[in-house]
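Participant:
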DNA sequence: TTATTATATTGCAATATTACGATTAATATT
DNA sequence: AATATTAATCGTAATATTGCAATATAATAA
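Protein chains in written order, with our numbering: chain A, 1 to 109; chain B, 1 to 109.
1. What does residue 44 (chain A) reach in chain B if we use C-beta pairs closer than 8 Å?
2. For residue 50 (chain A), count neighbouring C-beta atoms within 10 Å of its own C-beta (all shown protein chains included) and say buried if the count is 16 or more, exposed if not.
3. Considering only the beta carbon of each residue, do residue 95 (chain B) and residue 99 (chain A) sit closer than 8 Å?
4. With H, G and I counted as helix, E and B as strand and the rest as coil, what does DSSP make of residue 71 (chain A)?
5. Indicate whether residue 64 (chain B) and residue 57 (chain B) have their beta-carbon atoms separated by less than 8 Å.
6. Output, in sequence order along the chain, the residues in the region 6-26 of chain B whose CB is closer than 7 Å to any CB in chain A.
7. Please check the pair residue 67 (chain A) and residue 22 (chain A), which I expect to be a contact at CB under 8 Å, by giving their CB distance rounded to whole angstroms.
8. From residue 36 (chain B) to residue 71 (chain B), what distance separates their C-alpha atoms?
9. To which residues does DSSP link residue 79 (chain B) through a beta bridge?
10. Just tell me which of A:75, A:15, A:54, A:59 has its CA closest to the CA of residue 87 (chain A).
11. From residue 93 (chain B) to residue 52 (chain B), what distance separates their C-alpha atoms?
12. For a quick check, are the C-beta atoms of residue 55 (chain A) and residue 13 (chain B) less than 8 Å apart?
13. Give me the residue from A:81, A:91, A:89 with the minimum Cα distance to residue 62 (chain A).
What follows is the structure in structure tokens.
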């Protein structure tokens, strides 16, 4: 099939999975890391920095933007991308919440 | 293509992406949450709890096991799964490290 | 030995993802 | 206006993922 049965999961499970899925490609990790490092708008040089073709980077950016992980502002002929700080906080707490579900007790196996 | 160009990324970027990808499906989130909640081995009742067919759950478990996120011990005719605590710590710090790359400065857009 | 039970594997159909060349759209520059 | 620059979109090929029925395997029970 190739089609996830989202309807049988909770909203939180689907939300978490969607975020994780967006982070599930090294190019998108690299893009986010670069945006963090630059701390500010970075535009088409992502193509150079990362080393994938322009349409490919554009596609990855679109995915990150669809999930509100980044924002894009048009500046002349170029587009300026940056982390969506407000939303990133939510993502962080959602993920941390999940990661810390981890109890201190030992597993039985 | 459908084939990720892993060779152009750093080991850390690929590692992060692989983990995120494994978490990028609500069924796998649900499995992990259940294992956490039970804090101990849980076996075939995952099929009931989650509501996907047995082969599908088995496949998701395999993926989680391949990434060392969970362990599986045979106990009689059933298999007992649980979180791989040691590795989970590494995963947590890797992800937290990434999530906290976030500087305090404002984005420019 | 012959069920029975629990899980894994195989095979397959439907869909999604990744990557990129070609093209388009929008703004700048000359 | 004509051209250049930048990024988005379209189309497409190759591959991956999701889900399940059918089957196989392994361990116990009768």
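Built from N, CA and C at the ideal position, the CB exists for glycine as well.
It should be emphasised that the depicted structure is a prediction, and the values quoted were computed from it without experimental measurement.
Facilitator: To lay it out plainly:
1. Here the premise fails: no neighbours, minimum Cβ distance about 15 Å.
2. By the neighbour-count definition (other C-beta atoms within 10 Å, threshold 16), residue 50 (chain A) is a buried residue.
3. Yes; because the gap between Cβ atoms is below 8 Å, this pair is in contact.
4. The answer is strand: DSSP assigns residue 71 (chain A) an E or B state.
5. In this structure, residue 64 (chain B) lies away from residue 57 (chain B), with their beta-carbon atoms at least 8 Å apart.
6. Near chain A, meaning a CB-to-CB distance below 7 Å, the residues of the region 6-26 of chain B are 6, 8, 9, 13, 14, 16, 17, 20, 21, 23, 24, 25, 26.
7. The pair is a contact, with the Cβ atoms about 5 Å apart (cut-off 8 Å).
8. Looking at the two C-alpha atoms, the distance is approximately 13 Å.
9. Answer by DSSP bridge pairing, in chain order: B:74.
10. Among A:75, A:15, A:54, A:59, the Cα nearest to that of residue 87 (chain A) belongs to A:15.
11. Answer to the nearest angstrom: the Cα atoms are 31 Å apart.
12. The Cβ atoms of residue 55 (chain A) and residue 13 (chain B) do not sit closer than 8 Å to each other.
13. Nearest option by C-alpha distance: A:81.
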